[in-house]
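These notes concern the structure reproduced below.
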Amino acid sequence: MSGRVEGKVALVTGAARGQGRSHAVRLAQEGADIIALDICGPIRDDAQIAPATPEDLAETVELVKGFNRRIVTAEADVRDFDAVKVAVDNGVEQLGRLDVIVANAGIGTGGIPLHETDEVDWQEMQDINLSGVWKSVKAGVPHIIEGGAGGSIVLTSSVGGLKAHPNMGPYIAAKHGVVGLMRSFAVELGQHFIRVNTVHPTNVNTPMFMNEGAMKMFRPDLENPGPEDMKVVAQLMHVLPIGWVEPEDISNAVLFLASDESRYVTGLTLSVDAGSALK
Ligand SMILES: NC(=O)c1ccc[n+]([C@@H]2O[C@H](COP(=O)([O-])OP(=O)(O)OC[C@H]3O[C@@H](n4cnc5c(N)ncnc54)[C@H](O)[C@@H]3O)[C@@H](O)[C@H]2O)c1
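By my numbering, the letter at position 125 of the sequence shown is numbered 346, and the numbering carries on one by one without gaps.
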């Protein structure tokens with residue numbers, strides 16, 4: 222099957238790399254034009270993983286163009302509503318409409334018990350992973366309503382939006398909050414035939430997960446753990462014998478929710494978790 226989102230325009234946040242890039246490319250492969258937004262820079266100076274760059278976003282552009290789809294990009298921070306609105310308005314002006322919002326941008330965390338978490342770290346997490354999702358949707362929804370043809374909104378939560386893991390409290394709280402946002406938007410926007418759903422990935426092979434810090438967190442017993450060492454422990458989270466999934470596995474779920482194949486699916490929490498919820 223091809224052309225599953227033919228003629229639609231999709232906004233994807235966090236599109237410079239990782240899952241966001243993969244979503245943009247997969248949607249383009251099936252016929253959508255893309256508005257790709259990313260901060261393309263560090264969130265903070267002491268970040269544990271390398272930030273996405275303008276070159277990363279340029280790579281997304283090339284991949285989307287490879288499918289003969291149009292793409293408009295913006296370097297914007299999802300915490301800055303005015304900047305997101307300008308980016309979305311500009312994208313819609315150039316591409317003519319908006320049908321799909323994939324609010325995917327986010328940051329990771331780990332390692333500190335919730336009651337010992339620094340207030341700045343807490344706030345930063347909520348500002349990006351929860352409020353940033355709300356602001357991205359808020360900026361896009363008026364365009365979808367104006368189009369009068371309905372639409373689909375997909376919010377990236379996590380397995381950690383449905384259950385807790387220790388020492389990830391700010392992330393777990395924000396990702397549970399995303400489910401609340403999804404349900405609220407779904408009941409409000411259904412009258413416009415706008416559907417709203419969440420995806421809940423387990424570990425995904427992106428810089429957020431595949432990094433030295435995560436490997437040390439999974440294998441504190443080893444001095445220099447590598448991916449294979451991490452896999453041994455990460456696999457215990459799942460029913461299926463894998464340590465992580467690939468970005469395309471999440472993109473396929475996003476594509477289904479973005480397409481008319483799911484035209485009566487709204488309010489769904491769609492897990493792509495290798496059975497993590499069963500454990
Ligand atoms: N990787 C995993 O294991 C995993 C698991 C479950 C859920 N998730 C979620 O998936 C989403 C995508 O993460 P990923 O795995 O692709 O990680 P990633 O770090 O590879 O990509 C995240 C992208 O979001 C962008 N971004 C971050 N903060 C931003 C901001 N304030 N404004 C604009 N852009 C911003 C980054 O620049 C980056 O390009 C996140 O919401 C994350 O929480 C990831």
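Virtual Cβ for every residue (Gly too), placed ideally from N, Cα, C. These numbers were taken from a predicted model, which means no experiment stands behind them.
For this session: Please check if any C-beta of chain D sits within less than 7 Å of the C-beta of Ala394.
Result: The chain labelled as chain D is not found in the depicted structure, where only one protein chain is given.
For this session: Could you pull out every residue in the same chain whose Cβ sits closer than 6 Å to the Cβ of His413, ignoring the five residues on either side in sequence?
Result: Spatial neighbours of His413 in its own chain (CB-CB distance under 6 Å, excluding positions within 5 residues in sequence) are listed in chain order as Ile366.
Problem set entry | Val341 classed as buried or exposed, judged by whether at least 16 other C-beta atoms fall within 10 angstroms | Exposed: under 16 other Cβ atoms inside 10 Å.
For this session: Name the two residues that bound the continuous beta strand (DSSP E) containing His364.
Result: Bounds of any beta strand (DSSP E) do not take in His364; it lies within the alpha helix (DSSP H) bounded by Gly353 to Gly368.
Problem set entry | Proximity to Asn325 [Cα-Cα], best of Glu345, Asn311 and Ile349 | Residue Ile349 is the option with its Cα nearest to Asn325.
For this session: Within its chain, find whatever has a CB closer than 6 Å to the CB of Ala395; leave out the 5 residues flanking it on each side and keep chain order.
Result: Sequence-distant Cβ neighbours of Ala395 in its own chain, meaning closer than 6 Å and more than five residues away, are Met346, Gln347, Asn350 and Leu351.
Exercise. Do you know offhand how far Val307's Cα is from Ala273's?
Worked result: In this structure, the straight-line span from the alpha carbon of Val307 to that of Ala273 is close to 21 Å.
For this session: To the nearest angstrom, report how far apart Val408 and Asn418 are at their CA atoms.
Result: If you take the alpha carbons of Val408 and Asn418, they lie about 11 Å apart.
Exercise. Helix, strand or coil: how does DSSP classify Asn311 here?
Worked result: Collapsing the DSSP output to three states places Asn311 in a helix.
For this session: From the DSSP output, in three-state form, read off Arg247 for me.
Result: It is helical.
Problem set entry | 7 Å Cβ cutoff met for Ser472 and Arg247 | In this structure, Ser472 places its C-beta atom within 7 Å of the C-beta atom of Arg247.
Exercise. Over what stretch of residues does the beta strand (DSSP E) that includes Asn418 continue unbroken?
Worked result: Under the DSSP assignment, Asn418 falls in the beta strand (DSSP E) whose first and last residues are Ile415 to Pro422.
Problem set entry | Inter-residue spacing [alpha-carbon to alpha-carbon] between Asp320 and Val425 | Rounded to whole angstroms, Asp320 and Val425 show a C-alpha spacing of 26 Å.
Exercise. According to DSSP, is Ile264 helix, strand or coil?
Worked result: Shown here, Ile264 sits in coil according to DSSP, grouped into three states, outside any helix or strand.
For this session: Would you mind sorting Ala279 into buried or exposed? The rule is 16 or more other CB atoms within 10 Å of its CB.
Result: Taking all protein chains in view, the Cβ of Ala279 is surrounded by fewer than 16 other Cβ atoms within 10 Å, so the residue is classified as exposed.
For this session: Check the DSSP bridge columns for Thr294 and list the partner residues they point to.
Result: Per DSSP, Ala257.
Problem set entry | Close Cβ partners of Pro334 (< 8 Å) along its chain, the five nearest in sequence each way excluded | Once the five neighbours on either side are set aside, the close Cβ partners of Pro334 are Pro387, Asn388 and Gly390.
For this session: Tell me whether Arg238 is buried or exposed, calling it buried when 16 or more other Cβ atoms sit within 10 Å of its Cβ.
Result: Looking at its Cβ environment, which holds 16 or more other Cβ atoms inside 10 Å, Arg238 is buried.
For this session: Flag this pair as touching only if the region 449-461 and the region 366-375 have three or more C-beta atom pairs under 8 Å; answer yes or no.
Result: Flag = no, the region 449-461 and the region 366-375 do not touch.
Problem set entry | Assigned secondary structure, Ile270 (DSSP; H/G/I helix, E/B strand, else coil) | Three-state result, Ile270: coil.
Problem set entry | Through-space distance from Arg300 to Trp355, alpha-carbon basis | Those two C-alpha atoms are separated by around 9 Å.
Exercise. According to DSSP, what are the bridge partners of Val375?
Worked result: DSSP lists Val323 and Asn418 as partners of Val375.
Exercise. Can you give the Cα-Cα distance for Thr423 and Asp494, rounded to whole angstroms?
Worked result: Between Thr423 and Asp494, the C-alpha separation is close to 5 Å.
Exercise. Counting pairs of Cβ atoms below 8 Å between the region 255-274 and the region 291-299, do you hit three or more?
Worked result: Output reads yes: the region 291-299 touches the region 255-274.
Exercise. Buried or exposed: which applies to Glu251, given that a residue is buried once 16 or more other Cβ atoms fall within 10 Å of its Cβ?
Worked result: Glu251 should be labelled buried.
For this session: Using the Cα positions of Thr234 and Gly241, report the straight-line distance between them to the nearest angstrom.
Result: Approximately 6 Å between the Cα atoms of the pair.
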